[in-house]
Amino acid sequence: MMRNVYVISGPCGVGKSTITKGLARKLSKTVLVEGDLISAMFVGEVQPPWDEKLSIVWQNLSNLTKTYLQNGYDVVIDYVVEEELEWFCQELGQTGLEFTLHYYVLRADPDVLVKRITKRGDTELIPRSLELLQQLENKKENAPHLYDTTYKAPNVIIDEILDRSFSNSYHKGKRCTEGESKA
1116 MMRNVYVISG PCGVGKSTIT KGLARKLSKT VLVEGDLISA MFVGEVQPPW DEKLSIVWQN
1176 LSNLTKTYLQ NGYDVVIDYV VEEELEWFCQ ELGQTGLEFT LHYYVLRADP DVLVKRITKR
1236 GDTELIPRSL ELLQQLENKK ENAPHLYDTT YKAPNVIIDE ILDRSFSNSY HKGKRCTEGE
1296 SKA
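What follows is the structure, encoded as structure tokens:
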């Protein structure tokens, strides 16, 4: 049976956590994997350099996703994707399992991001969020996967993601090939 992996990316305040939690609840046999929770596992006084930490988080995202796919689960991932998508897809493809990877880069107007982040009380995240928004929007590979959350309610976004799943697939089949884009 073909399984689904939903990778939901985007800057802070765009609605990743709200959308991924709601999406996971709507699917029948699914798990939600939150990259920030994996990242938060580093608790010691000595922390690895950022690149090493990011690599370890992605290795864990890959291993968890493979395990859940092998056990018949769909997987919803909540994490910012910068350069890792092709590597992640190739890692999953090595399992030989049939899966479809659905990739969404959530975005919102900058003023809306600032309001949402301020409302949460996380104003220190505003500069990074705006930087990530610009970075993710300007990546040519992300263009077909951008999804504007500015004026949409979470339930509408979730329903549209489920309705558009097959038209916004990043990968279908058993393996990813270099340079593969929307299927």
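The opening position of the sequence shown corresponds to residue 1116 in the numbering used here, with each subsequent residue numbered one higher. Cβ coordinates follow ideal geometry from the N, Cα and C atoms, glycine included. The structure displayed is predicted, hence computed values, not measured ones.
Endpoints, alpha helix (DSSP H) assigned at residue i
i     : result
L1212 : Careful: L1212 lies outside any alpha helix (DSSP H) and carries neither H nor E.
Proximity below 7 Å, CB of residue i to CB of residue j
i     : j     : result
L1216 : V1146 : no
T1264 : I1276 : no
G1130 : Y1194 : no
V1172 : A1139 : no
T1210 : K1168 : no
R1244 : G1128 : Reading off the sequence, residue 1244 comes out as Ser, not Arg. Result yes, Cβ atoms of S1244 and G1128 sit closer than 7 Å.
L1251 : N1257 : yes
T1135 : I1123 : yes
R1118 : L1184 : yes
I1241 : V1229 : yes
V1148 : L1179 : yes
Expected contact under 8 Å - CB spacing of residue i and residue j to nearest Å
i     : j     : result
S1170 : F1203 : Wrong, their Cβ atoms sit about 12 Å apart, outside the cutoff.
N1270 : G1137 : 7 Å
K1141 : Y1188 : Going by Cβ atoms, the distance from K1141 to Y1188 rounds to 14 Å, so no, they are not a contact pair.
Enclosing beta strand (DSSP E) for residue i [first to last residue]
i     : result
V1122 : R1118 to S1124
Please list the segments of the beta strand (DSSP E) lying wholly inside the stretch 1198-1268, counting only runs of 3 or more residues, in order along the chain. 1214-1222 and 1261-1263
Report yes or no: do three or more beta-carbon pairs, one from the stretch 1138-1155 and one from the stretch 1216-1233, lie closer than 8 Å? no
May I have a chain-ordered list of the alpha helix (DSSP H) segments no shorter than 4 residues that lie completely inside the stretch 1132-1206? 1150-1154 and 1165-1185
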